[in-house]
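Since the structure comes first, as structure tokens, the remarks are kept for the end.
Numbering (the working numbering), first residue to last: 696 to 1133.
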């Protein structure tokens, strides 16, 4: 592999794979609010206005936050403002103070959420203004959950940054590369350059086992694990589902994200960890498979968008797992591409309806499809190219899927979110436990 290509792919991994505490959607809202309140540097909060892309106006109400029992986008804003440390990035809620969390419950009622229904594109967007008795702080976050582009106090800019390119600009660096490049990188990468993949396996496995041992969430991961003896595929589904449930339940331990998404980071790594354990493979082989999986998933997310109409935790992660599991079992590049092609018709167009415990079921389902496709590809089974949603090769099929998500599904996503927003009933604030009893 050419040195320039190698270094750019390594750089992409380091930018797109990082720890996050809590579900990255609402954590992005917490982060933006923390930056806005930091800009005004204190004072009693009188009013908060949060303009958000339509998806984040309604898709983040059902997950818990580290350090709080309460749910809701308004609570995310208030919690970020009063308890968040913007210097911690996606670990903004690392040091939530119980006393301030109680005050955040009161401040949540001062938050006005304004979905931006007229936005033309899919993408993370937050413009939050916090008015206090000493001034007004404002922060604008775009494209990434930690993508600060503007921070100001009383209309005076304190920080300004270029936004990351959106998926619709088709200018993300990873779009220059394809599955063959990711395969070669995974094959040839220096071991020290894959330390981040080992960290991902450790962090995400810790989350999964926390759920399994304590039967957190809905119990999906725990039950799958308890009935998985001798069944590697079910164990893989258990690990992936359990890691997701931990994040949705607000477990105070970070996940390693992939493409700025915690569920993708978990779902694109944990099935490979289970497979590696049962095959008794060394960590050196597992981390290469995770690198292949993560690069594949990042390339998919860069086409679907960071706030997509399609469910990236099933769509992007399952394609990563299909490729990574072939790689882990010694399969060829051609087999990995075949596995991707066989996975795509089964996950194409799965709609994102927000972060919640049900995401664990989707991740479990996507894991099963991906591992089955990989097993078939390894045994020489393949689907013909150029049929249905499949193009002439895996890369072009992913392009087709991304185009559908970014353009054909924008209006349907907006309409879905209008309906989700209309049925919101946030106040009085509800706890995560109360929500699960509905």
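Where a beta carbon is used, it is the ideal one built from N, C-alpha and C, also for glycine. Owing to the predicted nature of the structure, the values given are computational and were not obtained by experimental measurement.
- Using a Cβ distance threshold of 8 Å, residue 753 and residue 1115 count as a contacting pair.
- Judged by DSSP in its simplified three-state form, residue 1099 adopts helix.
- Residue 951 sits in a strand when the DSSP states are folded into three classes.
- Setting aside the 5 residues that flank it on each side, residue 822 is surrounded in the same chain by 746 and 835, each with a C-beta closer than 6 Å to its C-beta; the list follows chain order.
- Just so you know, the alpha carbons of residue 873 and residue 908 end up roughly 39 Å apart.
- Within the DSSP bridge table, the entry for residue 960 names no partner.
- Annotation for residue 898: the continuous alpha helix (DSSP H) segment containing it runs 890–909.
- Rounded to whole angstroms, the separation of the alpha carbons of residue 1133 and residue 778 is 29 Å.
- Nearest neighbour of residue 1031 by Cα position, chosen from 1066, 1018 and 1039, turns out to be 1018.
- DSSP places residue 943 within a helical segment (H, G or I) once states are collapsed to three.
- Between residue 824 and residue 814, the gap from beta carbon to beta carbon reaches 8 Å or more.
- Uninterrupted alpha helix (DSSP H) stretches at least 4 residues long and entirely within the region 962–994 occur at 965–974, given in chain order.
- Secondary structure within the region 749–801: not one fully enclosed beta strand (DSSP E) run of 3 or more consecutive residues is present.
- Counting along the chain, the unbroken alpha helix (DSSP H) around residue 1022 starts and ends at 1007–1023.
- With fewer than 16 other beta carbons inside 10 angstroms of its own, residue 974 counts as exposed.
- Per DSSP, the beta bridge partners of residue 833 are 824 and 847.
- With contacts defined as CB atoms closer than 8 Å, residue 898 and residue 951 qualify as a contacting pair.
- If you compare the alpha carbons of 713, 700, 757 and 729 with that of residue 1049, the shortest gap goes to 757.
- Three or more Cβ pairs closer than 8 Å define a contact, and the region 954–973 meets that threshold against the region 924–943.
- Under the three-state reduction of DSSP output, residue 810 falls in the strand class.
- Counting along the chain, the unbroken alpha helix (DSSP H) around residue 1059 starts and ends at 1053–1073.
- Taken through DSSP and simplified to helix, strand or coil, residue 1078 comes out as coil.
- A straight line joining the alpha-carbon of residue 999 with that of residue 1086 spans about 17 Å.
- Distance between residue 1041 and residue 1100, taken at the CA atoms: about 15 Å.
- Contact between the region 1072–1088 and the region 783–796 is absent: fewer than 3 CB-CB pairs across the two stretches fall below 8 Å.
- Residue 787 sits away from residue 743, with the two beta carbons spaced by 8 Å or more.
- The shortest CA-to-CA distance from residue 850 to any of 978, 1075, 734 and 921 is the one to 734.
- Between residue 1121 and the set 781, 1025, 808 and 705, the nearest pair of CA atoms involves 808.
- Around the C-beta of residue 736, fewer than 16 other C-beta atoms lie within 10 Å, and the residue is accordingly described as exposed.
- With fewer than 16 other Cβ atoms inside 10 Å of its own Cβ, residue 829 counts as exposed.
- Taking all protein chains shown into account, residue 878 has 16 or more neighbouring C-beta atoms within 10 Å of its C-beta and is therefore buried.
- Residue 869 and residue 958 have their alpha carbons spaced roughly 20 Å apart.
- Residue range 874–883 is occupied by the alpha helix (DSSP H) that includes residue 878.
- Cβ neighbours of residue 703 within its own chain (closer than 7 Å, five residues either side excluded): 868.
- Using a Cβ distance threshold of 8 Å, residue 841 and residue 723 count as a contacting pair.
- Residue state for residue 716 is assigned as coil, using DSSP reduced to three classes.
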